[in-house]
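The structure appears right after this line, and notes come after that.
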């Protein structure tokens with residue numbers, strides 16, 4: 001294994017196991033057994049560069065899988081995709097990386113760790129080429145007539161995506177620590193239940209308390225900065 005790949009896989013494991021706040025470039029060098037103390041800096045430039053490289057290493061396979069499934073779904077004709085179908089396409093290509101016939105990896109727990117830091121919006125460090133398929137899922141969900149205000153729907157989708165990372169990461173951890181022989185049944189069970197739970201969350205009526213709080217946010221100039229990736233965004237552009 002070449003030095004760059006060894007550094008990258010070591011960083012993925014450390015971030016997955018301990019969180020980004022506990023991992024330094026020096027630590028990655030030491031754990032990977034790099035002779036050059038500046039190896040991480042040489043290959044990646046910074047810790048943010050390491051994170052982007054991990055996405056470049058892991059995301060393409062998930063992107064191809066989800067993209068091909070989306071293409072097949074949209075090409076079938078007839079009724080438009082259902083809420084359950086789109087959510088399955090969001091969840092399953094990632095869940096499949098955890099199955100026993102996939103290469104052993106720490107990617108799901110890495111994603112969970114990245115999305116736990118308020119100072120680092122996980123979406124902002126993902127190159128656009130590595131989030132096209134999940135963006136397509138997002139837009140399909142935003143266009144659905146679910147009877148929920150657009151800004152609430154945006155927030156629920158973003159919360160759902162983060163929940164997906166954390167739930168799958170917890171499953172991966174439990175499989176490794178407690179139930180290594182039950183990997184595939186546990187992944188399948190939790191991925192299917194996650195889809196069901198996300199459906200319920202997107203369809204739930206908006207409470208009066210939420211509507212009142214949203215009214216205050218809508219009146220605030222600070223809430224008008226919108227991005228489909230920024231979690232702080234309350235009001236977002238209309239989905240095209």
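In full-length UniProt numbering, the protein residues as written are 1 to 240.
Glycine is no exception: its CB is placed at the ideal position from the N, C-alpha and C atoms.
Because the structure is a prediction, the values reported are computed rather than measured.
Which one of the options has the shortest CA to CA distance from residue i?
i: residue 105; options: 115, 173 and 158; result: 173
i: residue 70; options: 209, 52, 92 and 31; result: 92
i: residue 112; options: 161, 142, 192 and 205; result: 161
i: residue 156; options: 90, 49, 204 and 37; result: 204
i: residue 165; options: 49, 79 and 134; result: 134
i: residue 5; options: 22, 90, 19 and 50; result: 50
i: residue 191; options: 95, 30, 44 and 31; result: 95
i: residue 163; options: 196, 179, 150 and 30; result: 196
i: residue 189; options: 143, 103 and 98; result: 98
i: residue 114; options: 212, 23 and 214; result: 23
i: residue 200; options: 20, 35 and 83; result: 83
i: residue 214; options: 39, 154 and 183; result: 154
i: residue 116; options: 167, 45 and 137; result: 167
i: residue 198; options: 146, 36 and 107; result: 146
I need the straight-line Cα distance from residue i to residue j, nearest angstrom please.
i: residue 187; j: residue 61; result: 18 Å
i: residue 8; j: residue 54; result: 6 Å
i: residue 27; j: residue 85; result: 42 Å
i: residue 176; j: residue 170; result: 10 Å
i: residue 80; j: residue 2; result: 46 Å
i: residue 33; j: residue 42; result: 15 Å
i: residue 47; j: residue 25; result: 6 Å
i: residue 10; j: residue 100; result: 21 Å
i: residue 20; j: residue 139; result: 30 Å
i: residue 78; j: residue 179; result: 42 Å
i: residue 158; j: residue 150; result: 12 Å
i: residue 31; j: residue 39; result: 12 Å
i: residue 76; j: residue 184; result: 29 Å
i: residue 45; j: residue 194; result: 37 Å
i: residue 35; j: residue 148; result: 56 Å
i: residue 144; j: residue 208; result: 23 Å
i: residue 107; j: residue 68; result: 21 Å
What do you get for residue i, buried or exposed, if any count of 16 or more other CB atoms within 10 angstroms of its CB means buried?
i: residue 218; result: exposed
i: residue 15; result: buried
i: residue 216; result: exposed
i: residue 66; result: buried
i: residue 88; result: buried
i: residue 74; result: exposed
i: residue 181; result: exposed
i: residue 240; result: For residue 240, the predicted structure reports a pLDDT of 49, less than 50, and the residue's modelled location is therefore unreliable. A value from the coordinates is still provided. It is exposed - the Cβ of residue 240 has fewer than 16 other Cβ atoms within 10 Å.
i: residue 29; result: buried
i: residue 12; result: buried
i: residue 59; result: buried
i: residue 234; result: Any reading at residue 234 must be qualified, since the residue scores a pLDDT of 41, below 50, and its modelled position is unreliable; the value itself is stated next. By the 10 Å Cβ count, residue 234 comes out buried.
i: residue 141; result: buried
i: residue 202; result: buried
i: residue 212; result: exposed
i: residue 37; result: exposed
i: residue 72; result: exposed
Might you give, ordered along the chain, the residues of its own chain that have their beta carbon closer than 7 Å to the beta carbon of residue i, omitting 5 neighbours on each side?
i: residue 63; result: 130, 132 and 133
i: residue 57; result: 8
By Cβ distance, which residues of its chain are closer than 6 Å to residue i, with the 5 residues on each side in sequence left out?
i: residue 152; result: 206
i: residue 109; result: 16, 169 and 172
i: residue 18; result: none
i: residue 102; result: none
i: residue 90; result: 137
By Cβ distance below 8 Å, which residues in the same chain neighbour residue i in space, the five residues on each side in sequence not counted?
i: residue 210; result: 152
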